[in-house]
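Everything below concerns the one structure shown next.
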Ligand SMILES: NC(=O)c1ccc[n+]([C@@H]2O[C@H](COP(=O)([O-])OP(=O)(O)OC[C@H]3O[C@@H](n4cnc5c(N)ncnc54)[C@H](OP(=O)(O)O)[C@@H]3O)[C@@H](O)[C@H]2O)c1
Ligand SMILES: NC(=O)c1ccc[n+]([C@@H]2O[C@H](COP(=O)([O-])OP(=O)(O)OC[C@H]3O[C@@H](n4cnc5c(N)ncnc54)[C@H](OP(=O)(O)O)[C@@H]3O)[C@@H](O)[C@H]2O)c1
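In structure tokens:
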């Protein structure tokens, strides 16, 4: 697995980390970066994450054999449109967007049909930090990456993208676009929304300063993800809207049941619910 | 600060950890343990956490100058009743219950009035594990302990209990009973209930096995507290029912607003909510 020229559009946490991982494994010749801000890109050069940059996506993709699009979901369509006329004919394109239906839609609109050499992908890895300064080569090690190729996606392109992530230490799996969006709405998007809502709710209490002061470890862990980037999460909420709304509704049923058990002082029911949840959690997330 | 004979009723995570901390600091002569199960207590002896034990609370408190009650909230009243006739007249009693109004009520009922030498307390420390095997001496180091003495509580008793926790490395603060219960409902009880409801909700999805498989770091942190003891959390929900219901209702307002913004595809509003939450979180929980 060797890439001659990799173009990364969006050299932030995810794009920067993949560049670092590939370089650390000597799997790439030249890395060309691209984003809106020359300052951010210069920082990426200074950090040794990319070799050179161009703020014009059209210029940046010229001659690249692999193009990684790692911008916020809301910028995908515009980026696809900008790079379209300048892509090398055999260039493989992949992305890292947290919702796949929306990326497929964006490609549909920008290219007038999803190109066979576009492989939608999503690394299940990240932190609540963003920007190239937060990137590190080990981010994807032993983490999963989900690829959601379509029926007509080129098998060789899929293999190339698979190799990319495996080089970075990840385990690659494939699933359907809709299935991906549902699984991620449950395991990532819902928890983020609940963490944001919790912190926002407590911040509205008049004794909020004191409240955060007495927040212990459990609370810190629970709300860490509310430190994530607001724009990225706006984009995810809009991009995976239906699946997210479905998961919130599903969650509301359980929260209401729990609330009613507390209201009714139904201790037996509370133990039942808590035990079932504890079992599910312990089974799937060993200490 | 030296205790001649400390009696710990409930030698689990909290009671065991305090015993370990006091012994490590050579602050205690003899430690007598008490709970329902002789097997658990023998384990505590084997681990060097207590010197000896009695499964009869009445026997266990005999001659103790300090009694620490560290049983689940639901067992408090019964324990108070059992020890009442056998307490040394100058013995100081304290507890570690996660809700203080309920402990005060339990004492009221058991003693026919809250004794002046009973100091209600609550260490803001813990893990999702329980039992004496999970206890460790450093649990309270640099953590806060809240004492909620009443107007007639003996000042010397408060000082003794303060010394106990300070010896274990904690910072001790005082606040009113109701205020404590409200602050803890917000920072601890609400997050636990949401984590339990989230895990339970996802476990009900038909693709639950797969869903948990793709759960990444953020999800693990978010749901770690759903591994906590179901009986302890039933007791807390019943003991702090009003404040908890109030916090759930308060949270529901914010979750509904967020859901409506997603429904309406209101990106501006989403960024506003997420940014406010991120600000609150970053301000209070530095990385
Ligand atoms: N963070 C996670 O946990 C995580 C996990 C999996 C997938 N993802 C997905 O990965 C993608 C990137 O996330 P990230 O965490 O790496 O974010 P990030 O650290 O904020 O990086 C985003 C990058 O995109 C650039 N950018 C933003 N708007 C752009 C535009 N209109 N045109 C060109 N470049 C633009 C930014 O640079 P400039 O400001 O210089 O433009 C920045 O380099 C998102 O689609 C997200 O859904 C994130
Ligand atoms: N864990 C936390 O994060 C945390 C934090 C702050 C405060 N607290 C409070 O601390 C208290 C104890 O919690 P923990 O985490 O230490 O629980 P734990 O590890 O389960 O310990 C509870 C202990 O109480 C004993 N016990 C249970 N029922 C009893 C009864 N009816 N009579 C006598 N002993 C009984 C148990 O032993 P047997 O099974 O042998 O009876 C066990 O030793 C609770 O009130 C809780 O609200 C917990």
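Chains as they are written, first to last, in full-length UniProt numbering: chain E, 1 to 287; chain F, 1 to 287.
Glycine included, every Cβ here is placed at the ideal spot set by N, Cα and C.
First and last residue of the uninterrupted beta strand (DSSP E) at residue i
i              : result
residue 174(F) : 171 to 174
residue 4(F)   : 3 to 9
residue 144(F) : 144 to 147
residue 94(E)  : 92 to 95
residue 123(E) : 121 to 123
residue 138(E) : Note, residue 138(E): premise wrong, no beta strand (DSSP E); not H, not E.
residue 47(F)  : Segment: none, residue 47(F) is in no beta strand (DSSP E) and carries neither H nor E.
residue 126(E) : From DSSP, residue 126(E) is part of no beta strand (DSSP E); its letter is neither H nor E.
When the options are compared against residue i, the one with the closest alpha-carbon
i              : options                           : result
residue 64(F)  : 144(F), 128(F) and 52(F)          : 52(F)
residue 200(F) : 16(E), 247(E), 6(E) and 93(E)     : 247(E)
residue 116(E) : 157(E), 251(E) and 216(E)         : 157(E)
residue 265(F) : 245(E), 278(E) and 251(E)         : 245(E)
residue 152(F) : 113(F), 279(F), 187(F) and 250(F) : 113(F)
residue 238(F) : 80(F), 62(F) and 101(F)           : 101(F)
residue 241(F) : 89(F), 150(F), 219(F) and 189(F)  : 189(F)
residue 14(E)  : 135(E), 84(E) and 120(E)          : 135(E)
residue 87(F)  : 281(F), 118(F) and 220(F)         : 118(F)
residue 130(E) : 85(E), 17(E) and 275(E)           : 17(E)
residue 202(E) : 174(F), 211(F) and 284(F)         : 284(F)
residue 140(F) : 230(E), 250(E) and 216(E)         : 216(E)
residue 251(F) : 218(E), 198(E), 214(E) and 212(E) : 198(E)
residue 97(E)  : 219(E), 204(E) and 68(E)          : 68(E)
residue 165(F) : 230(F), 95(F), 209(F) and 48(F)   : 95(F)
residue 38(F)  : 27(F), 132(F), 26(F) and 90(F)    : 132(F)
Neighbourhood of residue i by C-beta distance below 7 Å, restricted to the same chain and skipping five residues each side
i              : result
residue 191(E) : 225
residue 33(F)  : 8, 11, 41, 44, 50 and 53
residue 176(F) : 148
residue 77(E)  : 106, 109 and 110
residue 82(F)  : 57 and 58
residue 29(F)  : 3, 4 and 5
residue 143(E) : 123, 124, 125 and 170
residue 267(F) : none
residue 128(F) : 224, 225, 227 and 228
residue 186(F) : 247
residue 235(F) : 72, 73 and 74
residue 24(E)  : 137
residue 80(F)  : 106, 107, 110 and 111
Cut-off 6 Å between Cβ atoms - residues of its own chain near residue i, not counting five sequence neighbours on either side
i              : result
residue 288(F) : What the structure shows of chain F is the stretch from 1 to 287, and residue 288(F) is not part of that stretch, so it cannot be assessed.
residue 66(F)  : 3, 6 and 92
residue 31(E)  : 6, 19, 50 and 51
residue 162(F) : 172
residue 154(F) : 116 and 117
residue 278(E) : none
residue 243(E) : 181, 182 and 185
residue 60(F)  : 7, 32, 34 and 54
residue 281(E) : none
Start and end residues, alpha helix (DSSP H) containing residue i
i              : result
residue 250(E) : 241 to 263
residue 85(F)  : Run containing residue 85(F): none; DSSP gives neither H nor E here.
residue 68(E)  : Here residue 68(E) belongs to no alpha helix (DSSP H); instead the beta strand (DSSP E) covers 66 to 69.
residue 283(F) : 267 to 284
residue 192(F) : 190 to 203
residue 167(F) : 155 to 167
residue 178(F) : 177 to 184
residue 152(F) : No alpha helix (DSSP H) contains residue 152(F), which DSSP labels as neither H nor E.
residue 294(F) : Residue coverage of chain F in this structure runs from 1 to 287, which leaves residue 294(F) outside it and unanswerable.
residue 61(F)  : 57 to 61
residue 206(F) : That residue, residue 206(F), is in no alpha helix (DSSP H); it is neither H nor E in DSSP.
residue 101(F) : 100 to 111
Assumed close pair residue i, residue j - CB separation to whole angstroms, cut-off 8 Å
i              : j              : result
residue 207(F) : residue 183(E) : 7 Å
residue 167(F) : residue 255(F) : Going by Cβ atoms, the distance from residue 167(F) to residue 255(F) rounds to 42 Å, so no, they are not a contact pair.
residue 273(F) : residue 196(E) : 7 Å
residue 181(F) : residue 62(F)  : That belief does not hold up - the Cβ atoms of residue 181(F) and residue 62(F) are roughly 33 Å apart, past 8 Å.
residue 85(E)  : residue 103(E) : No, residue 85(E) and residue 103(E) are not in contact; Cβ-Cβ is about 20 Å, not under 8 Å.
8 Å Cβ shell around residue i - same chain, five flanking residues per side excluded
i              : result
residue 270(F) : 258, 261 and 262
residue 287(E) : Residue confidence is low: residue 287(E) scores 47 on pLDDT, short of 50, so the model does not pin down where it sits. Its coordinate-derived value is still stated next. Excluding positions up to five away in sequence, the list is empty.
residue 275(E) : none
Closer than 6 Å: residue i CB and nearest ligand 4 heavy atom
i             : result
residue 84(E) : In the structure shown, ligand 4 is absent; the only ligands present are ligand 1 and ligand 2.
Item to complete: Could you name each continuous beta strand (DSSP E) segment of 3 residues or more that falls completely within the segment 13 to 45 of chain E, going from the start of the chain to the end?
Response: 28 to 34
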